[in-house]
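A.B. asks: I'd like to ask some things about the structure below.
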Amino acid sequence: MGIKALLKKEAKEIIRTYRIFVIPIIFLLFGLSSPIIAKMIPDLVQSLVEEYKMEIPPPTWLDAFRQFFKNMHQIGIIAVILTLMGSVAEEKDKGTAALVLAKPVSRSSFVIAKYTANLFFLALVFMVAYGGCLYNTMVLFPDVDVAASAQAAVLSLVYILFVASLTLFASTISRSSLAAGGIAVAGFILTVTLPVINKTLKTYSPGALTTLADNTLVGSIQLGDTLWTIGITVLVSLVLMALGLMVFNKQEL
Amino acid sequence: MEAIVTKDLTKKFGTVTAVDGLDLMIPQGTVFGFLGPNGAGKTTTLKMLLGFTKPTRGEAWIMGEAVGSGDYRRNVGYLPDVPTFYSWMRAQEFLTFSGELVGMQGSSLRHRVEELLEIVGLADVKTAIGGFSRGMKQRLGLAQALINNPKVILLDEPTSALDPIGRKEMLELIRSFPEETTVVLSTHILADVERICDQVAILDRGKLLVHEPMVSLKDRYVDSIITFRVSEEPTQLLQELTAAEWVQDVTVDGHQFRLTAKDPVQAQHAIPSMISALGLGLEDFHMKEATLEDIFVRLVKNNGH
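Here the protein sequences line up with chains A and B, keeping their order. Letter by letter, the first sequence follows residues 20 to 272 of my numbering. Letter by letter, the second sequence follows residues 522 to 826 of my numbering.
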C-alpha cells in the first residue's frame, strides 16, 4: 500500500526542490556546449600559441560526443552522487522516514519509490541533454552518425543509472548523507578500477561501459555486442537494491 | 477488549537493557500515561510497538494484531517527540500525503484534511512547513496521526517542547479525541498526565514500577504531605520525627520541614505537640494530598535513584 502516494511525493520533491535545477542544468550545459567547445578547440589552442603555426586536425562530430560523454562520466557522475546521497539516509537521519513508515507502508515501497522516481528523472534529463548535443552537433558538423551516437548514449545512460543505483544503495544502508556519499564514491572508484586490473572485467563489468560507449561511437562494436555488459550492470544494480532493502528492513529507526 | 498488550517485551542494546520484561494491558478507550525519567525506556517501547526496532525478547499486540504482522499499523497513529516534515510541502499537502499512505482518497480524504486543519488551527496557513514554528509542527504532527481515525494513538512527549499556551492547546486536542480511541501519552511532565490520563504506568530503567488506574494509584499512595516551619533550631525535632513510626519520610531545609506521613491523622495531632514540647514556635502548617509527582518521585527513589 502507498507506493503510488510515495511515487507522487518523490516526483513532487524533485520538481519543488533544488533537484529540478541541479541535474538538468549540468546535463543540459554539457549537452549543448560540448559540440561548440569541440568546434572551437583548434582555434582556441592556436590563439594561445600565436607565434607557432600548429597542425591541429579539424574537429569532427566524434569529438563533440566524446566531449559530452567524458563530461557526463566525470562531473555528471559527481552531480548524481551529490544529489542522491541523501535520498534515504537524510530521511532516516531527520526523522521524516519514521513519520512515513509509522503508516501502513513497507520499507521496500519507500525505497523502490525513490529508485523509480530518481532513475526515471535522470533518464529523462539525460535523453534531453543527448538530444541537445545531437542537435548542436548536427548543426556544427557534417556526416554525423546518429545511430552510433545513439548506441553510445544508451551505454552512457546505463552507466549513469548504475552509479545512481549505487548511490541509492549507499543511501539506503547509511544513517547519514555523508556516509552514503563516502560509500558511493568508494563504490564508484571500485567500478572504474576493476576494468583496469582484470581482463574479463575490462569487458563485462559496469565500469567497462564508458570504454564500450566510445567503441560504439567510433563504430568498432555495435550495441548488440555489449548486451552481456548491460545485463551484468542491470543485475548488479538489482542485487545492490535487494541488498540495500535487506539491510534497511533490519535497521532500527 | 485490550487495545495494546505486551508480554515480556524486552530490548537490549549491547549490555544495556533499555526495556526489561514489560507486561502491559491497556484497555480500549483509555488515555494511558506512560511515565518515566529520561532514558527510562518509554521511546524504545513506542518504537517497538511501531516496528521501528525489533524486541530482543517478548511480543506485543495492537488491537489484537501482532506487532510486525500485516498492516497492523493502519490502526495506529504516531506523533514523535520532534516531528519533522518535508519542508517544501504545505500542511494540507502533507495531510493529503498521509491520508494517501493509509489508502484514503477522493472527497473523503479532502474533507478529512480540511476538518483536521480546522481542528489543529492550521486551516489558514498557506506557507510551506519549513517556515512553521515548533508548536505548529507539533499540531500538524498530531493531525497526521489522526488522519484515518486510528484506534490507537501513540504520542511521544507531545508537549515537552511547547510553551504553556501550546501545551494547554495540545492537551485540549488530546482530550477531544473520540471516547473509543486509546491514547498512549509518553511523557515526563506529570501535570499533563494528571490532567488527562485515566491510567498510568511508571517505567524506570526499563522496568515497570507501577501500572494502574490513576484513581487507585492515588488511593494506594494516599500518604499526605505535610509542610511546616518552626521558629528555631530544628535538630532535636528532626531526630524525633525520623524516629516516629507514623512518619514515612522527613526532610528539613533551614527551618522548613517536609514530611510524608503514613498516618496523616496522627501526624496532624502529634507534630504540634512535639513542637510545643521542645519549646519551639510553629509557623505555617499545611497538609496536601500526594500528587502524581510525589508518587513518581517516591517510586523512582525506591528503585535506587
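Glycine residues also receive a C-beta, built at the ideal position from the N, C-alpha and C atoms. It should be emphasised that the depicted structure is a prediction, and the values quoted were computed from it without experimental measurement.
1. In whole angstroms, what separates the C-alpha of Ala509 of chain B from that of Ile650 of chain B?
2. How close, in whole Å, do the beta carbons of Met795 of chain B and Leu758 of chain B come, if the pair is a contact with beta carbons under 8 Å?
3. Taking only beta-carbon positions, decide if Pro123 of chain A is within less than 7 Å of chain B.
4. For Val158 of chain A, count the other beta carbons within 10 Å of its own beta carbon; 16 or more makes it buried, fewer makes it exposed. Which is it?
5. Counting beta carbon pairs with one atom in the region 545 to 555 of chain B and one in the region 80 to 95 of chain A, are three or more of them shorter than 8 Å?
6. Between Gly114 of chain A and chain B, is any beta-carbon pair separated by less than 7 Å?
7. Which residue wins for smallest C-alpha separation from Asn268 of chain A, given the options B:Lys575, B:Asp529, B:Gly535, B:Thr531?
8. Got a sec: which bits of the region 218 to 229 of chain A sit with their beta carbon under 7 Å from any beta carbon on chain B, in order along the chain?
9. Let me know the secondary structure DSSP gives Pro225 of chain A once reduced to three states.
10. For chain B, is any of its Cβ atoms less than 7 Å away from the one on Lys28 of chain A?
11. Taking only beta-carbon atoms, is Thr102 of chain A less than 7 Å away from chain B?
12. Find the residues of chain B that neighbour Glu271 of chain A, judging by a C-beta separation of less than 8 Å, and give them in chain order.
13. Are Asp112 of chain A and Ser190 of chain A closer than 7 Å when you measure CB to CB?
14. I want to verify the contact list: residues of chain A whose CB lies under 9 Å from the CB of Trp609 of chain B, in sequence order.
15. Would you list, in chain order, the members of the region 605 to 630 of chain B that have their beta-carbon closer than 7 Å to a beta-carbon of chain A?
16. Using the C-alpha atoms, what's the distance from Pro548 of chain B back to Gln665 of chain B?
17. With DSSP as the reference, label Gln720 of chain B as helix, strand or coil.
18. To the nearest angstrom, how far is it from the Cα of Ala167 of chain A to the Cα of Thr186 of chain A?
19. Tell me the rounded alpha-carbon separation between Pro793 of chain B and Asp770 of chain B.
20. Note down, in chain order, every chain B residue with its Cβ under 8 Å from the Cβ of Val119 of chain A.
21. Is there a Cβ of chain A sitting closer than 7 Å to that of Arg688 of chain B, yes or no?
22. When DSSP labels each residue in this structure, what does His732 of chain B get in the three-state scheme?
23. With distances taken from CA atoms, which of B:Val736, B:Leu724, B:Glu761 is nearest Asn819 of chain B?
24. Please compile the residues from chain B whose C-beta is within a distance smaller than 8 Å of the C-beta of Ala24 of chain A.
C.D. replies: In short, the structure shows the following:
1. Past the edges of chain B, shown from 522 to 826, lies residue 509 of chain B, and the structure says nothing about it.
2. Locating residue 795 of chain B in the second sequence gives position 274, where the first residue counts as 1. Locating residue 758 of chain B in the second sequence gives position 237, where the first residue counts as 1. About 6 Å; that satisfies the 8 Å criterion.
3. The residue given as residue 123 of chain A occupies position 104 in the first sequence. Closer than 7 Å to some Cβ of chain B, the Cβ of Pro123 of chain A qualifies, so yes.
4. If you number the first sequence from 1, residue 158 of chain A lands on position 139. So Val158 of chain A counts as exposed.
5. no
6. For the purposes of this step, residue 114 of chain A is identified with residue 95 of the first sequence, where counting begins at 1. Taking Cβ atoms only, chain B reaches closer than 7 Å to Gly114 of chain A, which makes this a yes.
7. Position 249 of the first sequence, counted from the first residue, corresponds to residue 268 of chain A. Closest by alpha carbon: B:Lys575.
8. none
9. If you number the first sequence from 1, residue 225 of chain A lands on position 206. In the structure shown, Pro225 of chain A sits in a helix (DSSP, three-state: H, G or I).
10. Taking the first sequence and counting its residues from 1, the one referred to as residue 28 of chain A is at position 9. Yes, Lys28 of chain A counts as interfacial toward chain B.
11. Position 83 of the first sequence holds residue 102 of chain A. Not closer than 7 Å to any Cβ of chain B, the Cβ of Thr102 of chain A fails to qualify, so no.
12. Position 252 of the first sequence, counting from 1, holds the residue named residue 271 of chain A. Within 8 Å Cβ-Cβ: Lys568, Phe573, Thr574, Lys575.
13. Mapped onto the first sequence, residue 112 of chain A falls at position 93. Mapped onto the first sequence, residue 190 of chain A falls at position 171. Not closer than 7 Å, so no.
14. Taking the first residue of the second sequence as 1, we reach residue 609 of chain B at position 88. Per Cβ cutoff of 9 Å: Lys31, Glu32, Arg35, Thr36.
15. Thr605, Phe606, Tyr607, Trp609, Phe618, Ser619, Glu621, Leu622, Val623, Gly624
16. Start at 1 with the first residue of the second sequence, and residue 665 of chain B comes out as number 144. Start at 1 with the first residue of the second sequence, and residue 548 of chain B comes out as number 27. Whole-angstrom Cα-Cα distance: 24 Å.
17. Taking the second sequence and counting its residues from 1, the one referred to as residue 720 of chain B is at position 199. Correct three-state label for Gln720 of chain B: strand.
18. Taking the first residue of the first sequence as position 1, residue 167 of chain A is located at position 148. Taking the first residue of the first sequence as position 1, residue 186 of chain A is located at position 167. If I take the Cα positions, the gap works out to 29 Å.
19. In the second sequence, counting from the first residue as 1, residue 793 of chain B sits at position 272. In the second sequence, counting from the first residue as 1, residue 770 of chain B sits at position 249. Computed Cα separation, rounded: 17 Å.
20. Along the first sequence, read from residue 1 onward, the residue named residue 119 of chain A stands at position 100. What Val119 of chain A touches in chain B: Leu622.
21. Taking the second sequence and counting its residues from 1, the one referred to as residue 688 of chain B is at position 167. Not one chain A Cβ lies under 7 Å of Arg688 of chain B.
22. Walking along the second sequence from the start, residue 732 of chain B turns up at place 211. Strand, per DSSP.
23. Residue mapping note: residue 819 of chain B aligns to position 298 of the second sequence, counting from 1. Residue 819 of chain B is actually Arg in this sequence, not Asn. Among B:Val736, B:Leu724, B:Glu761, the Cα nearest to that of Arg819 of chain B belongs to B:Leu724.
24. Mapped onto the first sequence, residue 24 of chain A falls at position 5. Ordered by position in chain B, the residues that pass the 8 Å Cβ test against Ala24 of chain A are Phe618, Glu621, Leu622.
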